[in-house]
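Student: Residue numbers (the working numbering): 124 to 204.
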Ligand SMILES: [Zn+2]
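1) For residue 141, does the three-state DSSP call read helix, strand or coil?
2) Just to check, is the beta-carbon of residue 175 closer than 8 angstroms to a non-hydrogen atom of ligand 1?
3) Going along the chain, which residues of its own chain have a beta-carbon closer than 8 angstroms to the beta-carbon of residue 140, five neighbours each way excluded?
4) Shorter than 8 angstroms, the distance from the beta carbon of residue 168 to the closest heavy atom of ligand 1, or not?
5) Please specify which runs of the beta strand (DSSP E), each continuous and at least 3 residues long, are wholly inside the region 145-179, giving them in chain order.
6) Buried or exposed: which applies to residue 186, given that a residue is buried once 16 or more other Cβ atoms fall within 10 Å of its Cβ?
7) Give the secondary structure of residue 132 by DSSP, where H, G and I count as helix, E and B as strand, and everything else as coil.
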């Protein structure tokens, strides 16, 4: 399944970019954020593939504890919205 990465700001009060994923059938799922560090890694809170909430210790790695989805290695990153 191909997923597009969507970034958006929840509010001007936050300078952190939030992240969701959109599948080919236009369903939007998952939840994450782009860290403020220079490496711009994606933190994964809720997985767009298995829809489980991530285990806290794996959030900053962007790695789903349940199915292994890696938010930082996805090939189809498209930034929009
Ligand atoms: Zn998962």
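Don't be surprised by glycine CBs; every beta carbon is placed ideally from N, CA and C.
Tutor: Checking against the coordinates, here is how it stands:
1) strand
2) yes
3) 130, 131, 132, 156, 157
4) no
5) 151-157, 165-169
6) buried
7) coil
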